[in-house]
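Structure record follows, encoded as structure tokens.
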Amino acid sequence: MNILLTGGAGYIGSHTAIELIEAGHNAVIADNFVNSNPSIVKRMNEIIGQTIPFYNIDVADVAALDEVFCKHKIDAVIHFAGLKAVGESVQIPVKYYRNNIDSTLSLLEIMAKHNVHTFIFSSSATVYGNMNNIPYIENMHVGHCSSPYAWTKLFIEQILADVAAVNSDFSVVLLRYFNPVGAHPSGKIGENPNGIPNNLFPYISQVAIGKLAELKIFGNDYPTKDGTGVRDYIHVVDLAKGHVAALEYAEKHKGVEAINLGTGTGYSVLDIVKTFEQTNNIKIPYQIVSRRAGDIAEYYADVSKALLLLNWKAKKTLADMCRDTWRWQTQNPDGYEK
Ligand code: NAD
Ligand code: UFG
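Just so it is clear: in the sequence shown, position 257 is 1206 by my numbering, and no numbers are missing.
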């Protein structure tokens, strides 16, 4: 199949493009580098040994998208393009609603024009909000979102359901990612946050390499096994393979399915510190500070639907996640060259 990956130069999209090509599909990428840069595409081409067609366009630009669909016979779209900084979305919500929702609407218009009916969407566990019991199951009530970013994900899920409701050819898979971490085992591509990282794994690896003095653990008084926050961390390569499985499912089924992509296991912040230290034989200095506003104590996925429908489950261990994160960090201490 010929797959268009919007946002395919980003962290998850780049890993997914590689897995798709390794599974025998063709990838076409559209990305405007708003949160990535051209050297990623070069590295992907090196890993895969071929040149992936690439378009530097804003996915909200209908005319530019139309050209891509005219040049390539696209069979399906995976829509990764979106802004994802939760804190920034609270500060500048209009930018998030504009970018994330406009890009989706443009894509839907052009897909309709070119009779493309298969849509895989990068949604997030954040749509479950803060009122559900764990583990999170796809048929739970969604909402009570804690940021404009999260609301963009939920609104887009609704838009896609509305479109599918009146188009019986449409096949939509809403992939609700838990916490993607790790990097490609080659060490050539990985997560490359701008400035000081907000997320745990990139923060720990920058402490490990000496760029940051110590990890600040946000609270040890949560009702969890050791008091620190618990999440379902999933290796980005497992997550990428989940997209290949979702595409193959979507080709054979119509309608809308929300599917969790996680491991089903929760680890605490202290579990991560300990495993990172043991796997990589390096010390992570840390101190406990107060809770971060908006954080939930603990959540992880129920992963039975992914196994049932996609015949997919995550295989990589927490040690794999720590090892691959560290390999990426040591091989690329300053991330991608600009
Ligand atoms: P990323 O920022 O690395 O990748 C997103 C890519 O989209 C970037 O390359 C960016 O340049 C591009 N982009 C953004 N808006 C665009 C536009 N209008 N036109 C063209 N390109 C545009 O993020 P990621 O971690 O790879 O996440 C991919 C998707 O998965 C996002 O939609 C994100 O919200 C979602 N998601 C991510 C996580 C996570 O923790 N990483 C968790 C849940 C969901
Ligand atoms: N944490 C620390 N110190 C840090 C960073 C994080 O203690 O410096 C803790 C957090 O308090 C939390 C855990 O580590 O308990 C994980 O935090 P992350 O920031 O890595 O991840 P979140 O679960 O907060 O958020 C992630 C994505 C969001 C997405 C959300 C739900 O970053 O984009 O999952 O899918 F919305």
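All C-beta atoms, glycine included, are put in the ideal place defined by N, C-alpha and C.
Item: Whole-angstrom distance between proline 1234 and valine 1026, CA atom to CA atom; Value: 43 Å
Item: Threonine 1177: CB within 8 Å of a non-hydrogen atom of ligand 1; Value: no
Item: Buried versus exposed call for asparagine 1230 [16 or more other C-beta atoms within 10 Å across all chains shown]; Value: exposed
Item: Selected residue, minimal CA-CA separation from tyrosine 1249, among Pro1142, Val1122, Asp1283, Thr1212; Value: Thr1212
Item: Beta-bridge partners of alanine 976, as assigned by DSSP; Value: Ile952
Item: Ranges of the alpha helix (DSSP H) found wholly within the region 1153-1231, counting only runs of at least 4; Value: 1185-1201, 1218-1229
Item: Per-residue DSSP class, three states only, for arginine 1240; Value: coil
Item: Boundaries (first-last residue) of the beta strand (DSSP E) holding threonine 1075; Value: Neither: threonine 1075 is in no beta strand (DSSP E) and is coded neither H nor E.
Item: Which listed residue (Ile1059, Tyr1171, Ser1096, Thr1266) has its alpha carbon closest to that of alanine 895; Value: The structure shown does not extend to residue 895, since the chain is modelled only from 950 through 1287, so no value can be given for it.
Item: Coarse secondary structure for valine 1091, derived from DSSP in three states; Value: coil
Item: Neighbourhood of glycine 893 by C-beta distance below 6 Å, restricted to the same chain and skipping five residues each side; Value: The shown model of the chain, from 950 to 1287, leaves out residue 893, and the question about it has no answer.
Item: Per-residue burial, glutamate 968 [other beta carbons within 10 Å of its own, 16 or more giving buried]; Value: buried
Item: Whole-angstrom distance between asparagine 981 and histidine 1021, CA atom to CA atom; Value: 19 Å
Item: Other residues of its chain near isoleucine 1138: CB distance less than 6 Å, five sequence neighbours each side excluded; Value: Ser963, Arg992
Item: Threonine 1101 classed as buried or exposed, judged by whether at least 16 other C-beta atoms fall within 10 angstroms; Value: buried
Item: Asparagine 1148 versus valine 1035: straight-line alpha-carbon distance, rounded; Value: 10 Å
Item: Valine 1222 burial status per 10 Å Cβ neighbour count (16 or more: buried); Value: buried
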